[in-house]
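**Q** Heads up: the sequence lines are chains A and B, in that order.
Using the numbering used here, the letters of the first sequence map in sequence onto residues 1 to 350.
Using the numbering used here, the letters of the second sequence map in sequence onto residues 1 to 195.
C-beta atoms are modelled at their ideal positions from N, C-alpha and C, and glycine is treated no differently.
Every value quoted in this text rests on a predicted model; they were computed, and no experiment measured them.
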Amino acid sequence: MAAAGPYLAGLLDTVCPMHALISATGHIQHAGPTLRKLFPGDEVLGQRFLELFEIKRPGHGGTMADLRRLTGRKLHLRMRHGPRTEAKGVLVALPEEKAGIGPSGGALINLSFGISVVDAIRDFGLTGGDFAATDLTIEMLYLIEAKTAAMEASRLLNLRLQGAKIAAEEQAYTDTLTGLKNRRALDHLLERLVMSEQDFALIHLDLDYFKAVNDTLGHAAGDHVLREVARAMVQQTRSDDILVRTGGDEFVLVLSRLTDAARVHEIASRLIARLEEPVVFNGDVCQISASVGSTLSCRYPRPGLDLDRMMEDADTALYAAKAAGRGCHVSFDPPMRGKSATGCRSKPAV
Amino acid sequence: MHGMINRAIERFVRDTYGRNAWGLITARAELDFAEFEAMLSYDDHVTEDVLGAACDVLNKPREALLEDIGTYLVSHPNVEALRRLLRFGGVDFHEFLHSLDDLPERARLAVPDLTLPDMELREHGATTYSLICRGGHPGFGHVITGLLRTMADDYGALVLLEHKGRREASEIIEVHLLTSAHAAGRAFELSVGAA
Numbered sequence: 001m002a003a004a005g006p007y008l009a010g011l012l013d014t015v016c017p018m019h020a021l022i023s024a025t026g027h028i029q030h031a032g033p034t035l036r037k038l039f040p041g042d043e044v045l046g047q048r049f050l051e052l053f054e055i056k057r058p059g060h061g062g063t064m065a066d067l068r069r070l071t072g073r074k075l076h077l078r079m080r081h082g083p084r085t086e087a088k089g090v091l092v093a094l095p096e097e098k099a100g101i102g103p104s105g106g107a108l109i110n111l112s113f114g115i116s117v118v119d120a121i122r123d124f125g126l127t128g129g130d131f132a133a134t135d136l137t138i139e140m141l142y143l144i145e146a147k148t149a150a151m152e153a154s155r156l157l158n159l160r161l162q163g164a165k166i167a168a169e170e171q172a173y174t175d176t177l178t179g180l181k182n183r184r185a186l187d188h189l190l191e192r193l194v195m196s197e198q199d200f201a202l203i204h205l206d207l208d209y210f211k212a213v214n215d216t217l218g219h220a221a222g223d224h225v226l227r228e229v230a231r232a233m234v235q236q237t238r239s240d241d242i243l244v245r246t247g248g249d250e251f252v253l254v255l256s257r258l259t260d261a262a263r264v265h266e267i268a269s270r271l272i273a274r275l276e277e278p279v280v281f282n283g284d285v286c287q288i289s290a291s292v293g294s295t296l297s298c299r300y301p302r303p304g305l306d307l308d309r310m311m312e313d314a315d316t317a318l319y320a321a322k323a324a325g326r327g328c329h330v331s332f333d334p335p336m337r338g339k340s341a342t343g344c345r346s347k348p349a350v
Numbered sequence: 001m002h003g004m005i006n007r008a009i010e011r012f013v014r015d016t017y018g019r020n021a022w023g024l025i026t027a028r029a030e031l032d033f034a035e036f037e038a039m040l041s042y043d044d045h046v047t048e049d050v051l052g053a054a055c056d057v058l059n060k061p062r063e064a065l066l067e068d069i070g071t072y073l074v075s076h077p078n079v080e081a082l083r084r085l086l087r088f089g090g091v092d093f094h095e096f097l098h099s100l101d102d103l104p105e106r107a108r109l110a111v112p113d114l115t116l117p118d119m120e121l122r123e124h125g126a127t128t129y130s131l132i133c134r135g136g137h138p139g140f141g142h143v144i145t146g147l148l149r150t151m152a153d154d155y156g157a158l159v160l161l162e163h164k165g166r167r168e169a170s171e172i173i174e175v176h177l178l179t180s181a182h183a184a185g186r187a188f189e190l191s192v193g194a195a
């Protein structure tokens with residue numbers, strides 16, 4: 001090294017602590033303190049630079065003359081050992097004459113971690129003092145942490161807002177008296193069922209003799225009966241069935257995946273029997289029943305299932321059940337269409 | 001006032017005195033919610049109401065309460081992130097003090113709508129400083145006093161701090177740095193989860 005050696009080395013250690021001074025033979029003559037930290041327990045002095053680091057880009061022949069020609073270019077490097085950390089670098093060829101700065105015919109290489117800095121800091125246990133005072137690494141780390149914390153706070157806020165939205169929707173879709181779904185929910189859920197091309201049974205159910213309960217025993221008794229009806233429906237159906245109170249004493253049930261009319265009849269009849277069990281309210285006995293009409297989605301052409309048609313047909317079947325003397329279930333049958341309800345009395349299709 | 005600051009007061013009360021104390025304070029301050037959202041903004045009077053209620057419920061003078069909040073912010077494990085962010089300010093307490101000028105700017109980089117009072121560090125000789133906090137909520141200087149006291153411990157420095165009061169919307173804190181490496185201090189790794 002030239003006479004200015006120690007002075008130059010000290011200067012470089014402060015200004016660019018991740019530098020190396022390389023001799024004309026490609027060996028490291030001096031390394032900055034941070035660069036030395038990348039090789040704990042290893043003496044980097046005297047080693048060939050290219051044995052410690054691979055210069056991935058730009059391509060070069062590997063001789064010192066090749067390296068010197070990379071002067072000023074942006075280098076992409078990788079450590080050959082340890083965690084094989086990537087680095088960025090720049091090289092400057094040093095003067096050939098003996099009286100120049102640094103090792104004559106050698107090179108100065110300065111390195112930085114670039115985007116791999118977060119891993120590198122962990123892998124090598126680097127601290128604030130390992131970076132030059134002008135280096136923005138610490139500010140970058142600060143920003144990463146600050147932004148991560150701010151993002152996390154925003155994410156939590158979003159989660160809470162989403163939770164509140166779901167709760168609000170749940171409320172808007174729920175019949176507050178019975179806890180069943182309401183008319184709005186039904187429209188929404190049926191639309192989804194049509195889109196998913198899943199088959200289902202559509203059931204319209206009207207309570208029979210409910211008005212009498214309301215009129216003679218009062219609204220409190222009526223409300224109690226409605227809650228009991230809802231409870232019975234929940235007990236008689238599966239969790240993925242949709243139970244809706246569409247009006248005062250009118251209900252719609254959507255039984256998912258059902259394609260068999262006999263099975264629907266069985267469920268409907270069991271439900272009617274259950275609803276006919278007397279309900280006691282404040283010592284008074286309330287006795288009701290239900291008329292039920294149903295239709296099956298598998299009987300309608302797809303795609304473009306005609307929901308309005310299905311609703312109409314389920315209604316037709318319901319009126320057939322009422323006409324048949326109430327307290328019974330009628331499956332929709334195409335011949336019912338357009339006929340008067342009484343026409344179905346003799347042949348409730350099952 | 002930014003939700004971040006209201007949330008800090010809330011976390012301090014919850015983590016130090018428990019949720020019952022927080023419940024009493026929100027009731028006394030007549031908040032119609034139980035939790036502040038860190039990423040929303042609130043009317044300034046809300047902060048004042050909560051601080052007033054906290055002084056009454058916890059039976060603590062306002063200055064002491066604010067200083068305790070400052071201490072809490074950089075010492076409780078539940079808010080470790082803030083302590084880490086402040087430690088990025090410098091490798092020792094001396095450097096940290098000099099980073100305080102940048103603090104409002106640093107806060108803004110992280111959360112663009114978070115506005116902190118301007119801070120200016122003046123050096124009187126090698127070991128005496130005064131930190132001037134301009135504008136901001138009255139009492140902000142007390143929070144900073146608690147925060148500085150605890151950060152000094154964090155760095156292992158020995159300091160004397162004195163809040164010199166409020167004059168024309170400015171609060172001045174006097175700092176005597178007795179020694180910058182008095183004790184070992186708490187470890188600080190640049191990378192999260194390294195230690």
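1) Flag this pair as touching only if the region 270–287 of chain A and the region 300–309 of chain A have three or more C-beta atom pairs under 8 Å; answer yes or no.
2) If we call anything under 8 Å between Cβ atoms a contact, is GLY327(A) one with ASP223(A)?
3) Mapping the DSSP letters down to three states, classify LYS147(A) as helix, strand or coil.
4) Would you say TYR209(A) faces chain B, with C-beta separation under 8 Å as the test?
5) Closer than 8 Å between beta carbons: that is the criterion. Which residues of the region 27–57 of chain B meet it against chain A?
6) Taking CB distances under 8 Å as the criterion, tell me whether GLY283(A) reaches chain B.
7) May I ask you to report which of helix, strand or coil DSSP gives GLY165(B)?
8) Tell whether a beta-carbon distance below 8 Å holds between THR127(A) and LEU177(B).
9) Applying the 10 Å Cβ sphere with the 16-neighbour rule, what's the burial state of ASN158(A)?
10) Which first and last residues belong to the alpha helix (DSSP H) in which HIS45(B) is found?
11) With a threshold of 8 Å between beta carbons, is ILE138(A) in contact with chain B?
12) Name the residue from GLY165(B), LEU158(B), GLU35(B) and GLU168(B) whose alpha carbon lies nearest to the alpha carbon of THR179(B).
13) Identify each residue in the region 109–129 of chain B for which the Cβ-Cβ distance to at least one residue of chain A is less than 8 Å, and report them in chain order.
14) Compare the C-beta of LEU158(B) with all C-beta atoms of chain A and state if any pair is closer than 8 Å.
15) Taking one C-beta from the region 40–60 of chain A and one from the region 94–103 of chain A each time, how about it: are there three or more such pairs within less than 8 Å?
16) What does PHE93(B) touch in chain A if you count any residue whose Cβ is under 8 Å from its own?
17) Check the C-beta distance from HIS142(B) over to LEU121(B) and give it rounded, since I have them as a contact under 8 Å.
18) Answer with buried or exposed for GLU162(B), where buried requires no fewer than 16 other C-beta atoms within 10 angstroms of its C-beta.
19) Have a look at ARG87(B), ARG14(B), LEU65(B) and TRP22(B) and flag the residue whose alpha-carbon is nearest the alpha-carbon of ALA152(B).
20) Starting from the Cα of SER256(A), find the closest Cα among GLY247(A), ALA262(A) and THR237(A) and give me that residue.
21) With a Cβ-Cβ cutoff of 8 Å, do MET18(A) and LEU136(A) count as a contact?
22) Helix, strand or coil: which one does DSSP assign to TYR173(A)?
23) By the DSSP assignment, the beta strand (DSSP E) with VAL285(A) in it spans what residues?
24) Could you compute how far the alpha carbon of ALA99(A) sits from the alpha carbon of CYS16(A)?
25) Between ALA232(A) and ARG263(A), is the Cβ-Cβ spacing less than 8 Å?
26) May I have the straight-line CA-CA distance separating GLY10(A) from GLY32(A), to the nearest angstrom?
27) Kindly indicate which residue of GLU312(A), HIS81(A) and VAL213(A) has the alpha-carbon position closest to the one of ILE288(A).
28) Taking the alpha helix (DSSP H) that TYR7(A) falls in, what are its first and last residues?
29) Please report the residue range of the alpha helix (DSSP H) in which TYR428(A) lies.
30) Just to confirm the assignment: which complete beta strand (DSSP E) runs, minimum length 3, are found wholly within the region 239–283 of chain A?
31) Can you give the beta carbon distance from HIS2(B) to LEU114(B), rounded, assuming they're within the 8 Å contact cut?
32) Sort out for me which residues DSSP pairs GLY89(A) with in a bridge.
33) Is the distance from the Cβ of LEU296(A) to the Cβ of THR246(A) below 8 Å?
34) Within a Cβ cutoff of 8 Å, which residues of the same chain sit near ILE138(A), ignoring the five residues on either side of it in sequence?
35) Roughly how many angstroms lie between the CA atoms of ARG106(B) and PHE36(B), to the nearest whole one?
36) Would you mind telling me which residues of chain A sit closer than 8 Å to ARG106(B), beta carbon to beta carbon, in chain order?
**A** On the basis of the data shown:
1) no
2) Position 327 of the first sequence, counting from 1, holds the residue named residue 327(A). Position 223 of the first sequence, counting from 1, holds the residue named residue 223(A). No, the pair does not count as a contact, with Cβ atoms beyond the cut-off.
3) Counting from 1 along the first sequence, the entry for residue 147(A) is found at position 147. LYS147(A): helix per DSSP, three-state reduction.
4) As a working note, residue 209(A) is residue 209 in the first sequence. Chain B, which has no Cβ nearer than 8 Å to the Cβ of TYR209(A), makes this no.
5) GLU37, ALA38, MET39 and LEU40
6) In the first sequence, residue 283(A) corresponds to position 283, counting from 1. No, because no Cβ of chain B sits closer than 8 Å to the Cβ of GLY283(A).
7) Working through the second sequence from its first residue, we reach residue 165(B) at position 165. Here GLY165(B) sits in strand by DSSP.
8) In the first sequence, residue 127(A) corresponds to position 127, counting from 1. In the second sequence, residue 177(B) corresponds to position 177, counting from 1. Contact: no.
9) For the purposes of this step, residue 158(A) is identified with residue 158 of the first sequence, where counting begins at 1. Exposed: under 16 other Cβ atoms inside 10 Å.
10) Here the question's residue 45(B) lines up with position 45 in the second sequence. Unbroken alpha helix (DSSP H) run through HIS45(B): 44–58.
11) Position 138 of the first sequence, counted from the start, is the residue given in the question as residue 138(A). Output row for ILE138(A): interface = yes.
12) As a position in the second sequence, residue 179(B) is number 179, starting the count at 1. When each option's Cα is compared against that of THR179(B), the closest is LEU158(B).
13) LEU109, ALA110 and VAL111
14) Position 158 of the second sequence, counted from the first residue, corresponds to residue 158(B). No - not a single Cβ of chain A is within 8 Å of the one on LEU158(B).
15) no
16) Locating residue 93(B) in the second sequence gives position 93, counting from the first residue. In chain order: nothing, as chain A lies at least about 13 Å away.
17) Within the second sequence, the letter at position 142 stands for residue 142(B). Within the second sequence, the letter at position 121 stands for residue 121(B). Wrong, their Cβ atoms sit about 18 Å apart, outside the cutoff.
18) Taking the first residue of the second sequence as 1, we reach residue 162(B) at position 162. Classification for GLU162(B): exposed.
19) The residue you call residue 152(B) lines up with position 152 of the second sequence. Comparing Cα positions, the closest option is ARG87(B).
20) Residue 256(A) sits at position 256 when you count from the first residue of the first sequence. With distances taken between Cα atoms, SER256(A) lies closest to THR237(A).
21) To locate residue 18(A), count along the first sequence from 1; it is residue 18. To locate residue 136(A), count along the first sequence from 1; it is residue 136. No; because the gap between Cβ atoms is not below 8 Å, this pair is not in contact.
22) The sequence position of residue 173(A) within the first sequence is 173, counting from 1. The answer is coil: DSSP assigns TYR173(A) none of H, G, I, E or B.
23) Stepping through the first sequence from its first residue, residue 285(A) is reached at position 285. It spans 284–286 - the beta strand (DSSP E) in which VAL285(A) sits, taken as one unbroken run.
24) The sequence position of residue 99(A) within the first sequence is 99, counting from 1. The sequence position of residue 16(A) within the first sequence is 16, counting from 1. In a straight line, the C-alpha of ALA99(A) is about 23 Å away from that of CYS16(A).
25) Position 232 of the first sequence, counting from 1, holds the residue named residue 232(A). Position 263 of the first sequence, counting from 1, holds the residue named residue 263(A). Taking 8 Å as the Cβ cut-off, ALA232(A) and ARG263(A) do not qualify as a contacting pair.
26) Residue 10(A) sits at position 10 when you count from the first residue of the first sequence. Residue 32(A) sits at position 32 when you count from the first residue of the first sequence. When rounded, the distance between both Cα atoms is 9 Å.
27) Along the first sequence, read from residue 1 onward, the residue named residue 288(A) stands at position 288. Comparing Cα positions, the closest option is VAL213(A).
28) Counted from its first residue, the first sequence places residue 7(A) at position 7. It spans 5–15 - the alpha helix (DSSP H) in which TYR7(A) sits, taken as one unbroken run.
29) As displayed, chain A neither begins before 1 nor continues past 350, which places residue 428(A) out of reach and without an answer.
30) 242–245, 250–256 and 279–281
31) Walking along the second sequence from the start, residue 2(B) turns up at place 2. Walking along the second sequence from the start, residue 114(B) turns up at place 114. Sure, about 5 Å apart at Cβ, within 8 Å.
32) Walking along the first sequence from the start, residue 89(A) turns up at place 89. According to DSSP, GLY89(A) bridges with LEU75(A) and LEU111(A).
33) Position 296 of the first sequence holds residue 296(A). Position 246 of the first sequence holds residue 246(A). Going by C-beta atoms, LEU296(A) is not nearer than 8 Å to THR246(A).
34) On the first sequence, residue 138(A) is found 138 positions in, with the first residue counted as 1. Counting only Cβ-Cβ distances below 8 Å, and skipping sequence neighbours, we find GLY128 and PHE131.
35) Stepping through the second sequence from its first residue, residue 106(B) is reached at position 106. Stepping through the second sequence from its first residue, residue 36(B) is reached at position 36. So the alpha carbons of these two residues sit roughly 23 Å apart.
36) Translated into positions along the second sequence, residue 106(B) becomes position 106. Simply TYR142 and ALA146.
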